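Numbering (my numbering), first residue to last: 1 to 492. To start, the structure itself, in structure tokens.
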Ligand code: BG6
């Protein structure tokens, strides 16, 4: 663990990711006393700016809505431990300058040995040159070095392999922390506990009890100005292949031998290897069109004319192992939908027929965001004289049950893990490889490499998705329960 003598360098310090996520997360950790003692943060980017401008940018997303003086004072302290270096991403003198800046800070250390954490909040085009220059010019020989990188990790299996092997020329696997920020979310981390610390849950966790599983991601806004980036990737690379597949792997893996990171990641890889590449008939694609005064995807100026890039996708995955054979896992994600929600919906099978008619199925819902919750739809006798079953819920809504708990932001949790040297919630090289194997064939088809590009089905901005969605899910045996509408989305 990095306790003393730590420098964190944020590359891309003037960019969007750093401003919105990295710096607020670093501040959150600092404020709560989780950053190493005497830590120093260095922002690095091409932009030439003075320290005042740098501080203004890096603190612009730190929230202090009530103008709490204690928070304001912490922000001032936080500025003092941070400095800025501007330079290029592809030449040695710039990185040598950065190295000198680090050494000047490190001269003041009382104990020997330095810790350097390099956070690459950068576009993919400069990933590799920066990683290489850092290795050549800024790598500490008298201490520990770690590097944090973010998606996109390539665009398909081959490009991912190329990228990984370029990075590996300078950085070893144990020095590398690949972020998938969904792994830092509280409810995603909770999956291991829910599954393996509860006999009641573990016993029903297979094809004998479970009929289908849906993992869905819904955002109520479109690409809005980010269309240029998005169009090159599409919703499958943006959300399904990484975030939702990561959730799926933890939801379905076998019990790890221990909570050591390699034990967990071994099990994730194993279950992912049991998933064959997705078939075209198991895919539904959509693209939003303007509605209710909101622009369609193609109305975004940054999107190429006539683009058929999907902004919605539902895909069915199958796991060929003894536990899960025959159970459909539906991953679905969309932009510009009717609500903001990420949830896992595990639907159990029908009860043995005979004594009940038209009875709802049990369903376990794990709501990742907003308002973290776990609830189980359960049939119960209507209270009173009648003997009838009605669907109700056993509800664990975090805001009600854990009233005073502060749930850390995903990026806070992950940066802290990297400081501690814990790889459990980062993506290993072989995990990425197998994730791309599952998605590459349909991505090549969607990209038009194998003939005409498939046309996504249009859906209005603000709707639930393409009209074919309900039949796509129902054909896999999913039954809409009668209790569905009773349960509000955000019930607190
Ligand atoms: C990012 C995607 O990885 O995740 C974005 O590139 C998406 O398109 C975001 O909006 C969603 O993250 P969160 O934490 O808001 O659910």
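Think of the CB as a built atom: it goes at the ideal place given N, C-alpha and C, for glycine as much as any other residue. In this text the structure is predicted, and so the values were computed from the model without any measurement.
Member of 340, 417, 448 and 446 whose CA lies at the smallest distance from the CA of residue 3: Position 3 of the chain shown, counted from the first residue, corresponds to residue 3. When each option's Cα is compared against that of residue 3, the closest is 417.
Can you find the residues in the same chain that come closer than 6 Å, C-beta to C-beta, to residue 273, ignoring five residues on each side of it along the sequence? The count along the chain shown starts at 1 and reaches residue 273 at position 273. The residues are 434.
Please find out if some non-hydrogen atom of the ligand BG6 comes closer than 6 Å to the beta-carbon of residue 231. Reading the chain shown from its first residue, position 231 is the one you call residue 231. No - the ligand BG6 has no heavy atom lying nearer than 6 Å to the Cβ of residue 231.
C-beta atoms of residue 234 and residue 302 nearer than 7 Å: To locate residue 234, count along the chain shown from 1; it is residue 234. To locate residue 302, count along the chain shown from 1; it is residue 302. Contact flag unset, no.
For residue 222 and residue 468, what's the separation of their Cα atoms in angstroms? The residue labelled residue 222 in the question sits at position 222 within the chain shown. The residue labelled residue 468 in the question sits at position 468 within the chain shown. Answer to the nearest angstrom: the Cα atoms are 20 Å apart.
May I ask you to report which of helix, strand or coil DSSP gives residue 125? For this step, residue 125 is matched to residue 125 along the chain shown. Looking at residue 125 - three-state DSSP - the assignment turns out to be helix.
Supposed close pair residue 366, residue 339 - CB separation, criterion 8 Å: As a first step, residue 366 is located in the chain shown; it is residue number 366 there, counting from the start. As a first step, residue 339 is located in the chain shown; it is residue number 339 there, counting from the start. Contact flag wrong, Cβ pair sits at about 17 Å.
Could you please give me the residues that DSSP links to residue 458 through a beta bridge? For this step, residue 458 is matched to residue 458 along the chain shown. According to DSSP, which records beta bridges pairwise, residue 458 is partnered with 287.
Looking only at its own chain, which residues have a Cβ that is under 8 Å from the Cβ of residue 483, when we skip the five neighbours before and after it? Your numbering for residue 483 matches position 483 in the chain shown. Because residue 483 carries a pLDDT of 48, less than 50, the predicted location of this residue cannot be relied on, and no value is offered for it.
Candidates 240, 428 and 106, of which the one nearest residue 140 by Cα: Against the chain shown, residue 140 aligns to sequence position 140. Here the closest residue by C-alpha is 106.
Mind checking residue 286: buried by the 16 CB within 10 Å criterion, or exposed? Translated into positions along the chain shown, residue 286 becomes position 286. Buried.
For a test of the three-state rule: what should DSSP assign to residue 85, helix, strand or coil? Along the chain shown, one-based indexing puts residue 85 at 85. Strand.
Between the alpha carbons of residue 369 and residue 19, how many angstroms are there, rounded? Position 369 of the chain shown holds residue 369. Position 19 of the chain shown holds residue 19. C-alpha separation (whole angstroms): 22 Å.
When the Cα of residue 114 is compared with those of 36, 86, 332 and 73, which residue comes out closest? Taking the chain shown and counting its residues from 1, one reaches residue 114 at position 114. Nearest option by C-alpha distance: 36.
What residues in its chain sit with their C-beta under 7 Å from that of residue 268, if we drop five residues either side in the sequence? Counting from 1 along the chain shown, the entry for residue 268 is found at position 268. Around residue 268: 249, 250, 253 and 431.
Please go through the same chain and pick out, in chain order, the residues whose beta-carbon is closer than 7 Å to the beta-carbon of residue 170, but skip the five residues on each side of it. Along the chain shown, one-based indexing puts residue 170 at 170. For residue 170, where only same-chain residues beyond five positions count, the Cβ hits under 7 Å are 131, 132 and 135.
Contained beta strand (DSSP E) runs [length at least 3] in the region 363–421, N- to C-terminal order: 363–369, 373–381 and 389–397
Between the region 201–213 and the region 442–456, can you find at least three pairs of beta-carbon atoms closer than 8 Å? no
Relative to the C-alpha of residue 321, which candidate in 307, 207, 53 and 309 has its C-alpha closest? Translated into positions along the chain shown, residue 321 becomes position 321. Ranking 307, 207, 53 and 309 by Cα distance to residue 321 puts 207 first.
Is the beta carbon of residue 238 within less than 6 Å of some heavy atom of the ligand BG6? The sequence position of residue 238 within the chain shown is 238, counting from 1. Indeed, a heavy atom of the ligand BG6 lies less than 6 Å from the Cβ.
Taking the continuous alpha helix (DSSP H) assigned at residue 190, which residues delimit it? As a position in the chain shown, residue 190 is number 190, starting the count at 1. Unbroken alpha helix (DSSP H) run through residue 190: 186–196.
Determine the direct distance from the alpha carbon of residue 6 to that of residue 421, and round the result to whole angstroms. Looking up residue 421 in the chain shown gives position 421. Looking up residue 6 in the chain shown gives position 6. The alpha-carbon atoms of residue 421 and residue 6 are separated by roughly 13 Å.
Please identify the residue among 186, 244 and 311 whose C-alpha is closest to the C-alpha of residue 408. Mapped onto the chain shown, residue 408 falls at position 408. Nearest C-alpha to residue 408: 186.
Just to confirm the assignment: which complete beta strand (DSSP E) runs, minimum length 3, are found wholly within the region 131–211? 143–150 and 176–179
Who are the Cβ neighbours of residue 440 in its own chain at under 6 Å, not counting the five residues just before and after it? Here residue 440 refers to the residue found at position 440 of the chain shown. Cβ neighbours of residue 440 beyond the five flanking positions: 156 and 157.
Can you tell me whether residue 306 is buried or exposed? The criterion is at least 16 other CB atoms within 10 Å of its CB, across all chains shown. As a working note, residue 306 is residue 306 in the chain shown. By the 10 Å Cβ count, residue 306 comes out exposed.
Proximity to residue 91 [Cα-Cα], best of 45, 63 and 109: Position 91 of the chain shown, counting from 1, holds the residue named residue 91. If we check each option's Cα against that of residue 91, 45 comes out closest.
Taking residue 174 as the reference, which of 462, 436, 424 and 456 has the closest Cα? The residue given as residue 174 occupies position 174 in the chain shown. Residue 424 is the option with its Cα nearest to residue 174.
In the structure shown, what three-state DSSP assignment does residue 313 receive? Here residue 313 refers to the residue found at position 313 when the chain shown is read from its first residue. Reduced to three states, the DSSP call for residue 313 is strand.
Starting from residue 216, follow its DSSP beta bridges and name the residues at the other end. Position 216 of the chain shown, counted from the first residue, corresponds to residue 216. Paired residues: 332 and 343.
Would you tell me roughly how many angstroms separate the C-alpha atoms of residue 442 and residue 236, rounded to the nearest one? Counting from 1 along the chain shown, the entry for residue 442 is found at position 442. Counting from 1 along the chain shown, the entry for residue 236 is found at position 236. About 10 Å.
Identify which residue in 66, 119 and 362 has its Cα closest to the Cα of residue 201. Counting from 1 along the chain shown, the entry for residue 201 is found at position 201. Of the candidates 66, 119 and 362, the one whose C-alpha sits nearest the C-alpha of residue 201 is 362.
Taking only the alpha-carbon atoms, compute the straight-line gap between residue 353 and residue 326 and give it to the nearest angstrom. Your numbering for residue 353 matches position 353 in the chain shown. Your numbering for residue 326 matches position 326 in the chain shown. Spanning the two alpha carbons is a distance of roughly 21 Å.
Compare the beta carbon distance of residue 193 and residue 247 with 7 Å and say whether it is the shorter of the two. To locate residue 193, count along the chain shown from 1; it is residue 193. To locate residue 247, count along the chain shown from 1; it is residue 247. Cβ distance not < 7 Å, so residue 193 and residue 247 don't count as in contact.
Within 7 Å, strictly: CB atoms of residue 328 and residue 316: One-based indexing of the chain shown puts residue 328 at position 328. One-based indexing of the chain shown puts residue 316 at position 316. Yes, the pair counts as a contact, with Cβ atoms nearer than the cut-off.
Return the CA-CA distance between residue 47 and residue 86, expressed in angstroms with no decimal places. For the purposes of this step, residue 47 is identified with residue 47 of the chain shown, where counting begins at 1. For the purposes of this step, residue 86 is identified with residue 86 of the chain shown, where counting begins at 1. Whole-angstrom Cα-Cα distance: 6 Å.
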